[in-house]
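A.B. asks: From first to last, the protein sequence lines stand for chains R and F. All residue numbers for the first sequence refer to my numbering, where the first residue is 68 and numbers rise by one. All residue numbers for the second sequence refer to my numbering, where the first residue is 31 and numbers rise by one. The beta-carbon is built from N, C-alpha and C at its ideal position, and this holds for glycine as well.
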Amino acid sequence: MFDLRSWVLLAGLLALTRAAAAQQNPPLDFELLEKPPPAPKVDEAAVRRRRTLLLLHQGAGIGLYAVALANTVVGQLNYSDRFASGPSTGRYQLAHQITGYGTLGAFAVTGLLAVFAPNPLPKTAGFDRVALHEVSMATAAAGMAAEAVLGIWTSQREGYLNQPDMAAAHLVVGYVTFAALTLGVGVIVF
Amino acid sequence: MIAALVLLLAADVAPGSYAVDPSSSTLRYVVTHKLHEVDATSKEVEGRAVVRPDGSAITEIRAQVASFRSGDGNRDEHMLETMNVGSYPYVIFKGLAHAGTGAVQMQGQVELHGVKKQYPVPVMVEAQPDGSLHVKGAFDVSLDAHGIERPSLLFVKIDDACHIEVDLVLRGAK
Numbered sequence: 068m069f070d071l072r073s074w075v076l077l078a079g080l081l082a083l084t085r086a087a088a089a090q091q092n093p094p095l096d097f098e099l100l101e102k103p104p105p106a107p108k109v110d111e112a113a114v115r116r117r118r119t120l121l122l123l124h125q126g127a128g129i130g131l132y133a134v135a136l137a138n139t140v141v142g143q144l145n146y147s148d149r150f151a152s153g154p155s156t157g158r159y160q161l162a163h164q165i166t167g168y169g170t171l172g173a174f175a176v177t178g179l180l181a182v183f184a185p186n187p188l189p190k191t192a193g194f195d196r197v198a199l200h201e202v203s204m205a206t207a208a209a210g211m212a213a214e215a216v217l218g219i220w221t222s223q224r225e226g227y228l229n230q231p232d233m234a235a236a237h238l239v240v241g242y243v244t245f246a247a248l249t250l251g252v253g254v255i256v257f
Numbered sequence: 031m032i033a034a035l036v037l038l039l040a041a042d043v044a045p046g047s048y049a050v051d052p053s054s055s056t057l058r059y060v061v062t063h064k065l066h067e068v069d070a071t072s073k074e075v076e077g078r079a080v081v082r083p084d085g086s087a088i089t090e091i092r093a094q095v096a097s098f099r100s101g102d103g104n105r106d107e108h109m110l111e112t113m114n115v116g117s118y119p120y121v122i123f124k125g126l127a128h129a130g131t132g133a134v135q136m137q138g139q140v141e142l143h144g145v146k147k148q149y150p151v152p153v154m155v156e157a158q159p160d161g162s163l164h165v166k167g168a169f170d171v172s173l174d175a176h177g178i179e180r181p182s183l184l185f186v187k188i189d190d191a192c193h194i195e196v197d198l199v200l201r202g203a204k
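(1) I want to see whether chain F comes within less than 8 Å of R:Glu201, judged by CB atoms only; does it?
(2) To the nearest angstrom, report how far apart F:Ser54 and F:Val199 are at their CA atoms.
(3) CA-CA distance, F:Ser117 and R:Val109?
(4) Classify F:Ala33: buried if its beta carbon has 16 or more other beta carbons within 10 angstroms, exposed otherwise.
(5) Is F:Leu65 helix, strand or coil by DSSP?
(6) State the beta-bridge partners of F:Phe169 as determined by DSSP.
(7) By how many angstroms is the C-alpha of R:Ala173 removed from the C-alpha of R:Pro103?
(8) Assign R:Pro185 to buried or exposed, taking buried as 16 or more other Cβ atoms, counted over all protein chains shown, within 10 Å of its Cβ.
(9) So F:Tyr149 contacts chain R; which residues on that side make the cut at Cβ distance below 8 Å?
(10) Quick one: using the 10 Å Cβ neighbour count with 16 as the cut-off for buried, is R:Gly157 buried or exposed?
(11) Rounded to whole angstroms, what's the CA-CA distance from F:Gly125 to F:Ala79? Just pull it up for me.
(12) With 9 Å as the C-beta to C-beta threshold (strictly closer), list the residues of the segment 110-121 of chain F near chain R in chain order.
(13) DSSP state of F:Ser86, grouped into three classes?
(14) Could you work out which residue in F:Arg201, F:Gln135, F:Glu141 is closest to F:Ser162 when comparing CA atoms only?
(15) If I follow the unbroken beta strand (DSSP E) through F:Met154, where does it start and stop?
(16) If the criterion is Cβ atoms closer than 8 Å, does the pair F:Ser97 and F:Glu74 meet it?
(17) My understanding is that F:Arg105 touches F:Val68, with C-beta atoms under 8 Å, so please give their C-beta distance in whole angstroms.
(18) Quick check: what's the CA-CA separation for F:Thr56 versus F:His164?
(19) Taking Cβ positions only, does F:Glu156 come closer than 8 Å to chain R?
(20) Closer than 8 Å between beta carbons: that is the criterion. Which residues of the segment 57-79 of chain F meet it against chain R?
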């Protein structure tokens with residue numbers, strides 16, 4: 068058990084340790100400025116919800132871009148096979164339909180995740196990269212709607228003389244749509 | 031972001047109170063992602079420094095987190111969300127140093143996101159002809175140490191180190 072001398076030594080050691088700590092960590096508990104005005108209330112739950120939805124939007128966007136790229140490639144292969152030259156085999160037609168509808172579905176999901184994300188914090192004015200992203204995606208959305216109509220219409224014109232022209236229009240609108248999608252992704256990523 | 035200012039007072043700095051001139055002062059932070067860098071500046075800095083007769087000085091600097099602008103509204107907004115600006119609207123620096131113009135080391139404390147951490151802050155103090163003091167310095171803080179969930183893009187987080195630069199003008203306060 069400790070005797071009195073041991074307790075005194077221990078107390079001295081403790082005091083020295085505290086003094087050393089105070090020297091290394093000087094007291095900074097002073098106040099030189101007036102208390103600031105209270106900050107505006109923010110809905111923290113809405114902020115967390117927004118972060119979650121936009122993270123999901125990011126992931127879905129990556130998936131969307133991948134399937135859209137595949138759809139564009141398969142679409143070109145399908146057009147080349149059906150209308151460019153040589154006999155038409157139709158071997159890419161089903162794949163193009165699958166990736167086409169997949170792109171539409173992925174676009175809808177990705178867009179809805181962003182649309183339903185709340186905005187609890189004030190937005191800064193001006194045309195920024197998000198505004199450009201939204202304009203690009205709106206253009207892509209219009210393009211996809213046109214593509215769906217053109218694609219179905221073209222496939223129903225089998226045997227008609229104007230089918231190649233409609234297919235060409237579908238091809239051009241497809242590239243423009245993919246370009247808008249690429250711009251929309253690029254302004255956010257880079 | 032952090033408002034950092036170290037006030038160094040030397041024998042050629044009179045004891046008294048000095049206030050930050052917001053019109054001539056800025057705070058800047060830089061965070062780095064693999065794909066890009068975010069660089070934001072605040073021009074709404076408030077602060078005060080007190081020079082004691084013994085030559086030591088204490089200082090307190092404060093800036094609203096929402097006052098930092100990078101030129102990219104999306105990234106500024108994202109930073110406000112990350113910093114929980116509703117709960118922690120200010121970044122506050124307090125420091126202590128021995129007097130001295132030129133290159134000086136200050137012992138400082140940064141309160142960011144509700145967490146206080148101590149950092150050594152090197153600064154350069156220059157006495158100006160009009161009697162003001164021009165203070166410039168830079169240091170890094172750890173976002174993780176302040177409990178900040180680092181934002182990510184394409185599932186890659188920004189670097190933990192946040193580089194802070196201060197460029198302040200202090201004038202004798204009444």
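C.D. replies: In short, the structure shows the following:
(1) By one-based count along the first sequence, residue 201 of chain R stands at place 134. No, no contact with chain F.
(2) Within the second sequence, the letter at position 24 stands for residue 54 of chain F. Within the second sequence, the letter at position 169 stands for residue 199 of chain F. Going from the Cα of F:Ser54 to the Cα of F:Val199 covers about 6 Å.
(3) For the purposes of this step, residue 117 of chain F is taken as residue 87 along the second sequence, with counting starting at 1. For the purposes of this step, residue 109 of chain R is taken as residue 42 along the first sequence, with counting starting at 1. The straight-line gap from Cα to Cα measures roughly 8 Å.
(4) Here residue 33 of chain F refers to the residue found at position 3 when the second sequence is read from its first residue. Caution applies to F:Ala33, whose pLDDT of 42 falls short of 50 and renders its modelled position unreliable; the model cannot decide the point.
(5) Position 35 of the second sequence holds residue 65 of chain F. It is coil, neither helix nor strand.
(6) As a working mapping, residue 169 of chain F is identified with position 139 in the second sequence. Its beta-bridge partners are F:Ile194.
(7) Reading the first sequence from its first residue, position 36 is the one you call residue 103 of chain R. Reading the first sequence from its first residue, position 106 is the one you call residue 173 of chain R. Each residue's Cα considered, the two are about 47 Å apart.
(8) To locate residue 185 of chain R, count along the first sequence from 1; it is residue 118. Counting the other CB atoms within 10 Å of its CB gives R:Pro185 a total below 16, which places it among the exposed residues.
(9) Translated into positions along the second sequence, residue 149 of chain F becomes position 119. Residues of chain R passing the Cβ test: none, with the nearest at roughly 11 Å.
(10) For the purposes of this step, residue 157 of chain R is taken as residue 90 along the first sequence, with counting starting at 1. Exposed is the call here.
(11) Sequence index remark: in the second sequence, residue 125 of chain F carries index 95 (1-based). Sequence index remark: in the second sequence, residue 79 of chain F carries index 49 (1-based). The straight-line gap from Cα to Cα measures roughly 9 Å.
(12) Taken in chain order, the members of the segment 110-121 of chain F whose beta-carbon sits within less than 9 Å of a beta-carbon on chain R are Leu110, Glu111, Thr112, Asn114, Val115, Gly116, Ser117, Tyr118, Pro119, Tyr120.
(13) Counting from one through the second sequence, the residue named residue 86 of chain F turns up at place 56. For F:Ser86, the secondary structure class from DSSP, reduced to helix, strand or coil, is coil.
(14) Here residue 162 of chain F refers to the residue found at position 132 when the second sequence is read from its first residue. Among F:Arg201, F:Gln135, F:Glu141, the Cα nearest to that of F:Ser162 belongs to F:Arg201.
(15) The sequence position of residue 154 of chain F within the second sequence is 124, counting from 1. Here the beta strand (DSSP E) through F:Met154 covers 145-157.
(16) Locating residue 97 of chain F in the second sequence gives position 67, counting from the first residue. Locating residue 74 of chain F in the second sequence gives position 44, counting from the first residue. Yes. Within cutoff.
(17) Here residue 105 of chain F refers to the residue found at position 75 when the second sequence is read from its first residue. Here residue 68 of chain F refers to the residue found at position 38 when the second sequence is read from its first residue. At roughly 5 Å, the Cβ-Cβ gap stays under 8 Å, so F:Arg105 and F:Val68 are in contact.
(18) Within the second sequence, the letter at position 26 stands for residue 56 of chain F. Within the second sequence, the letter at position 134 stands for residue 164 of chain F. Computed Cα separation, rounded: 11 Å.
(19) One-based indexing of the second sequence puts residue 156 of chain F at position 126. Taking Cβ atoms only, chain R never reaches closer than 8 Å to F:Glu156, which makes this a no.
(20) From the segment 57-79 of chain F, only Leu65, His66, Glu76, Gly77, Arg78, Ala79 have a Cβ closer than 8 Å to chain R.
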